[in-house]
Amino acid sequence: MVVGNKLQVLDALDVAKTQWYHFTAIIIAGMGFFTDAYDLFCISLVTKLLGRIYYHVDGAKSPGSLPPNVSAAVNGVAFCGTLAGQLFFGWLGDKLGRKKVYGMTLMLMVICSIASGLSFSSNPKAVMATLCFFRFWLGFGIGGDYPLSATIMSEYANKKTRGAFIAAVFAMQGFGILGGGIFAIIISAAFMASFHAPPYEVDPVGSTVPEADYVWRIVLMVGALPAALTYYWRLKMPETARYTALVAKNAKQAASDMSKVLQMDIEAEPQKIEQEKIQYGLFSKEFAKRHGLHLLGTTTTWFLLDIAFYSQNLFQKDIFSAIGWIPSAKTMNALEEVYKIARAQTLIALCSTVPGYWFTVAFIDIMGRFAIQLMGFFFMTVFMFALAIPYDHWIHKDNRIGFVVMYSLTFFFANFGPNATTFVVPAEIFPARLRSTCHGISAAAGKLGAMVGAFGFLYLAQNKDKAKADAGYPAGIGVKNSLIVLGVINALGFLFTFLVPESKGKSLEEMSGENENNGEGEAGASSSSSSNH
């Protein structure tokens with residue numbers, strides 16, 4: 001039963017049949033991700049409303065809107081927090097153990113979700129400042145969730161369906177986006193029914209009812225609910241066996257924890273643990289030799305993917321307005337605008353975002369991570385160029401449905417492609433004692449890409465003629481050229497995918513070479529050959 005020097009407890013996890021504890025793990029880790037997506041995403045549903053409430057200009061033709069720097073801060077500050085959180089909690093998860101840190105990140109998310117809805121003051125500057133402050137720390141907690149959820153799930157899973165389990169946790173993101181949209185629809189509809197208001201062009205002041213101020217607060221604060229609900233279950237979950245055995249070096253504890261989880265007898269094998277001698281650190285030559293290219297692969301692909309993925313937020317509003325899903329702002333009152341935006345985002349999530357995630361869950365252990373990632377980047381490149389080169393053709397009214405279809409396909413292949421695989425792979429290919437740190441580093445590179453995508457392209461996509469650019473922005477290179485740049489970025493992602501090894505169907509120890517130093521049996525041979533293809 002023992003391969004090379006593999007602990008029975010790890011082997012038992014690897015070959016376990018899919019059973020109830022796998023699903024509880026998916027739900028516990030997945031609810032964290034549901035919350036992450038809800039919290040990061042719901043701000044985009046209410047930014048227009050914030051502009052109307054706090055930046056109303058008397059006598060202006062169109063409703064108040066957030067100035068560019070405030071808008072960037074409100075939307076982007078959570079990203080900055082997430083990036084910091086991924087690095088910090090990723091490192092902490094390897095230092096203190098996954099479980100200890102997992103409760104901390106959740107508590108932070110609950111507290112900051114509630115606090116971000118409580119930014120009181122009638123002075124716009126004060127409201128925005130407190131909102132940004134709490135959104136930063138909310139992001140910090142969300143950041144911790146990335147490496148920990150992925151690591152916990154990968155360490156609990158069996159090797160046959162591990163990819164699907166980690167991808168299923170990530171796919172909860174789609175439901176979080178959906179949940180945010182649906183909830184905003186319900187709240188805005190309920191408020192609209194209770195407080196009637198004329199459109200902006202009829203009565204600029206009356207179009208924003210005072211009660212509208214509650215809407216954005218409620219939407220932001222409800223983000224605390226799903227996280228709070230799973231807090232108890234997170235505390236009851238035992239520490240992963242791989243951490244206990246390979247990092248904390250406590251074979252007895254690992255065996256007894258997993259005997260309970262797997263409901264079978266597992267003998268503790270303390271004598272095996274003592275033999276592990278190699279303890280190279282993250283910055284050592286040995287790490288660079290074994291995993292340097294892998295880490296370069298996981299960070300660059302995630303970075304490039306997120307540039308493309310988060311730039312979508314730019315085009316979304318324009319696209320919705322272009323197809324007439326969202327009428328011009330002055331023809332609606334404040335709550336109606338929230339309702340229409342939420343409805344449009346929910347439709348997009350339902351049609352292209354959510355299905356893509358579940359396609360990955362279904363196929364990742366059949367096709368493998370590598371194939372899905374290559375295919376995803378390939379089609380994203382094709383569709384971006386297909387949108388960019390005949391761009392002038394797409395902007396005609398008759399062709400805009402085609403534009404939306406192509407556009408949705410780009411994001412379908414992001415989710416049935418690199419958006420999911422870049423999350424899965426870093427949780428599988430690094431040694432246990434560096435696993436959550438390396439996942440955090442990869443995820444942080446992704447968030448850096450997200451900032452480039454969300455803000456770099458805000459400026460880039462502006463009209464080349466300064467007079468036609470949005471208020472307060474300098475001239476850019478135009479949407480067409482921005483789409484060409486995105487196509488090139490996707491093509492680069494395709495190339496960097498070749499640095500990442502395939503981990504389908506292999507045990508975690510085989511991927512990370514943690515059995516190698518004893519070199520007995522097949523484990524030594526197979527993992528050294530698989531790490532340098």
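In terms of the UniProt record's numbering, the sequence shown opens at residue 1 and continues consecutively. Note that the Cβ used here is the ideal one computed from N, Cα and C, for glycine as well.
query, result
"Cβ neighbours of Ile166 in the same chain (closer than 8 Å, five flanking residues each side left out)", "Ala150, Met153, Ser154, Ala157, Phe423, Val424, Ala427, Glu428"
"Exposed unless 16 or more other CB atoms sit within 10 angstroms - verdict on residue 534", "The structure shown does not extend to residue 534, since the chain spans only 1 to 533, so no value can be given for it."
"Segment contact, 8 Å Cβ cut-off, at least three pairs: the stretch 410-422 with the stretch 62-69", "no"
"Touching by the beta-carbon criterion (3+ pairs, under 8 Å), the stretch 290-305 and the stretch 23-34", "no"
"Residue closest to residue 561, alpha-carbon to alpha-carbon, out of Ser482, Val15, Val404, Ile441", "Not covered by the structure: residue 561. The range shown for the chain is 1 to 533."
"Per-residue burial, Lys447 [other beta carbons within 10 Å of its own, 16 or more giving buried]", "buried"
"Neighbourhood of Lys504 by C-beta, 7 Å cutoff - its chain only, sequence neighbours within 5 removed", "Gly163, Asp365, Gly368, Arg369"
"Supposed contact pair Ala450 and Leu87 - C-beta distance, whole angstroms, cut 8 Å", "With 8 Å as the limit, Leu87 and Ala450 do not qualify as a contact, their Cβ atoms being about 15 Å apart."
"Assumed close pair Lys464, Gly478 - CB separation to whole angstroms, cut-off 8 Å", "5 Å"
"Cβ contact check for the stretch 228-235 and the stretch 343-362: 3 or more pairs under 8 Å", "no"
"Member of Gly493, Met104, Ala248 whose CA lies at the smallest distance from the CA of Leu296", "Gly493"
"Spatial distance of Ala171 from Gly453 (CA atoms)", "21 Å"
"Length-filtered (4 minimum) alpha helix (DSSP H) runs lying within the stretch 178-265", "212-221, 224-236, 251-262"
"Closest Cα partner of Lys48 within the set Phe377, Leu335, Ala115", "Leu335"
"DSSP-derived helix/strand/coil call for Pro474", "coil"
"Run of the alpha helix (DSSP H) containing residue 588, from where it starts to where it stops", "Lying outside 1 to 533, the shown extent of the chain, residue 588 is not represented and no answer is given."
"Reduced DSSP secondary structure (H/G/I, E/B, other) of Gln312", "helix"
"Backbone secondary structure at Leu148 - three-state DSSP", "helix"
"Backbone CA spacing between Met258 and Ser436 [nearest angstrom]", "20 Å"
"Buried or exposed by the 16-neighbour rule on C-beta atoms within 10 Å, applied to Ser44", "buried"
"N- and C-terminal bounds of the alpha helix (DSSP H) containing Thr347", "The identity of residue 347 in the sequence shown is Leu, whereas the question assumes Thr. Segment 334-348, the alpha helix (DSSP H) holding Leu347."
"Range covered by the alpha helix (DSSP H) that runs through Glu510", "508-512"
"Cβ distance (whole Å) where Gly90 is taken to contact Pro147 below 8 Å", "4 Å"
"For Ala450, three-class secondary structure by DSSP", "helix"
"Within 8 Å, strictly: CB atoms of Ile182 and Asp39", "no"
"Selection from Lys17, Asp94, Ala73, Met109 that minimises the alpha carbon distance to Thr244", "Asp94"
"Outcome for Asn75 when other beta-carbon atoms lying within 10 angstroms are tallied against a minimum of 16", "buried"
"DSSP-derived helix/strand/coil call for His56", "coil"
"Cut-off 8 Å between Cβ atoms - residues of its own chain near Leu282, not counting five sequence neighbours on either side", "Leu434, Thr437, Cys438"
"Stretch-stretch touch, CB-based, cutoff 8 Å, three pairs: the stretch 397-416 with the stretch 371-388", "yes"
"Rounded separation between Ile186 and Leu350 - CA only", "16 Å"
"Sub-8 Å separation of Phe496 and Thr353 beta-carbons", "no"
"Minimum C-alpha distance to Arg234 - residue among Ala29, Pro501, Ala491", "Ala29"
"Cβ separation of Leu138 and Ser113, assumed to be a contact under 8 Å, to the nearest whole Å", "6 Å"
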